[in-house]
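*Asks:* First the structure, then my questions, so here it is.
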Amino acid sequence: MRSLKPDATIHVGGDPDWMAVADDAVWVSVAHSNRVVQLRAGKNAEGLSVLVKQPCTGLAAGFGSLWIPSCGSHRLVRADLETGRIQARIVLSPAASEGCIAVGAGSVWIAAGAAGTLSRIDPATNRVIARVALPSGSYCPVFADGFVWVTSTRHSVLSKVDPSTGRVVARIRVGPQPRFATAGAGSVWTLNQGDGSISRVDTKTGKLVATIPTTLKGNGGEISFGFGAVWATLRGTPITRVDATDTNRVEDWQGPGGDCVRAGLGSIWLTDIEAGSVLRFSHNAFE
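Following the working numbering, the numbering of the sequence shown begins with 483 at its first residue and continues without gaps.
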């Protein structure tokens with residue numbers, strides 16, 4: 483990591499973790515202080531702050547709002563992206579403290595309950611309008627090419643859900659213990675905690691097309707897509723980059739920092755959970 487120079491280091495204190503990229507800002511959760519913080523991209527500075535008890539399992543921006551799962555209040559909190567004002571608190575207990583929340587098909591999607599349930603929230607009413615039964619240990623939904631894709635850590639599969647019917651239409655075997663996932667380049671990519679590999683599933687065919695070895699074995703970490711590459715992180719290996727056009731090209735940067743990574747607004751955003759900071763790098767710094 484000493485070879486990389488961040489464009490900005492924004493100290494937010496506590497344990498910055500989950501992030502979401504909005505039109506002009508990045509939002510980051512700080513569970514230790516029970517808040518979610520806006521990082522204004524134009525100023526590389528902290529902006530609004532939303533109080534949420536133990537924010538967890540991801541953040542999502544959509545429908546003019548930030549969607550914040552709360553493991554402390556067992557609610558899904560909706561906050562206005564412009565003002566930070568809380569608009570709704572939806573009764574919903576996240577399936578686990580580590581997972582994802584997705585936006586797509588006019589809805590918000592989150593796993594609720596360890597038994598395996600995908601909840602669909604209508605942003606017009608702030609109500610759960612459907613529940614989809616999934617394999618147990620399903621934690622991370624992502625939306626891609628008209629479908630919701632959900633990892634099951636317990637069963638090492640990726641479930642493909644059709645929003646028009648609310649049914650699981652495919653289950654694809656991926657690497658061991660997939661937890662986090664992202665989408666891009668016509669694929670869903672899963673970060674597999676069992677062996678540190680990344681699985682690539684073609685969204686058109688629903689087939690596993692690549693298994694990419696990395697050093698990211700173990701609990702924690704995150705994965706994101708942007709600028710023609712997959713970006714993954716784990717403490718000790720803060721950044722791993724996989725070229726989407728040549729998945730044999732895998733680069734990683736060792737050292738302190740890491741735990742969540744996002745690509746957007748011309749930059750790679752990386753949390754340093756131990757230092758209480760968010761680092762911003764130009765995506766060109768990795769070329």
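Where a beta carbon is used, it is the ideal one built from N, C-alpha and C, also for glycine.
Keep in mind the model is a prediction, meaning the values are calculated, not measured.
Kindly indicate the opening and closing residues of the beta strand (DSSP E) around Phe662.
*Replies:* Residues 660-666.
*Asks:* Following the continuous beta strand (DSSP E) through Lys642, name the residue where it begins and the one where it ends.
*Replies:* Counting along the chain, the beta strand (DSSP E) containing Lys642 begins and ends at 639-644.
*Asks:* Measure the beta-carbon distance from Leu616 to Leu600 and round it to whole angstroms, keeping in mind my assumption that it falls under 8 Å.
*Replies:* Contact holds; Cβ gap of about 5 Å.
*Asks:* For a quick check, are the C-beta atoms of Cys742 and Asp489 less than 7 Å apart?
*Replies:* No, the Cβ-Cβ distance between Cys742 and Asp489 is not below 7 Å.
*Asks:* Just list the residues that DSSP pairs Trp591 with in beta bridges.
*Replies:* Paired residues: Ala584, Arg602.
*Asks:* Would you say the stretch 731-738 touches the stretch 700-710, given that touching needs at least three Cβ pairs under 8 Å?
*Replies:* The stretch 731-738 vs the stretch 700-710: no contact.
*Asks:* Provide the residue span of the beta strand (DSSP E) that contains Ile694, from first to last.
*Replies:* Counting along the chain, the beta strand (DSSP E) containing Ile694 begins and ends at 690-694.
*Asks:* Considering only DSSP beta bridges, list what Pro738 is partnered with.
*Replies:* None; Pro738 has no bridge partner.
*Asks:* From Arg682 to Asn701, what does the alpha carbon distance come to, in whole angstroms?
*Replies:* In a straight line, the C-alpha of Arg682 is about 20 Å away from that of Asn701.
*Asks:* Can you tell me whether DSSP reads Asn526 as helix, strand or coil?
*Replies:* Looking at Asn526 - three-state DSSP - the assignment turns out to be coil, as it is neither helix nor strand.
*Asks:* Per the DSSP calculation, Pro551 is bridged to which residue(s)?
*Replies:* Paired residue(s): Leu558.
*Asks:* Is it buried or exposed for Lys642, if we count other Cβ within 10 angstroms and need 16 for buried?
*Replies:* Lys642 is buried by the Cβ-count criterion.
*Asks:* Check this for me: beta carbons of Val624 and Ala584, under 7 Å apart or not?
*Replies:* In contact: Val624 and Ala584 (Cβ atoms closer than 7 Å).
*Asks:* Look at the alpha carbon of His637 and the alpha carbon of Gln659, and state the distance between them as a whole number of angstroms.
*Replies:* Rounded to the nearest angstrom, the two C-alpha atoms are 7 Å apart.
*Asks:* Please classify Pro695 as buried or exposed, where buried requires at least 16 other C-beta atoms within 10 Å of its C-beta.
*Replies:* That one is exposed.
*Asks:* Can we say the stretch 551-561 touches the stretch 535-543, given the rule of at least three CB pairs closer than 8 Å?
*Replies:* Yes, they touch.
*Asks:* Quick one: is Ser770 buried, meaning 16 or more other Cβ sit within 10 Å of its Cβ, or exposed?
*Replies:* Given a span of 483 to 769 for the chain in the structure shown, any question on residue 770 remains unanswerable.
*Asks:* Given a threshold of 16 other Cβ atoms within 10 Å of its Cβ, counted over all protein chains shown, does Asp505 qualify as buried or as exposed?
*Replies:* Burial call: exposed.
*Asks:* Could you spell out where the beta strand (DSSP E) holding Arg682 opens and where it closes?
*Replies:* Arg682 -> beta strand (DSSP E) spans 680-684.
*Asks:* Is it true that the CB of Gly703 sits closer than 7 Å to the CB of Leu716?
*Replies:* Yes, these two residues count as a Cβ contact at 7 Å.
*Asks:* Drop a sphere of 10 angstroms on the beta-carbon of Ala433, count the other beta-carbons inside from all chains shown, and report buried for 16 or more, exposed for fewer.
*Replies:* Residue 433 lies beyond the stretch modelled for the chain, which goes from 483 to 769, so this question has no answer here.
*Asks:* Under DSSP, the beta strand (DSSP E) around Asp725 begins and ends at which residues?
*Replies:* First-last of the beta strand (DSSP E) with Asp725: 718-725.
*Asks:* Return helix, strand or coil for Phe629, following the three-state DSSP convention.
*Replies:* The answer is strand: DSSP assigns Phe629 an E or B state.
*Asks:* Got a sec? Which residues, its chain only, sit under 6 Å from Ser634 by beta carbon, not counting five neighbours each side?
*Replies:* Same-chain partners within the cutoff: Pro617, Gly619, Ser620.
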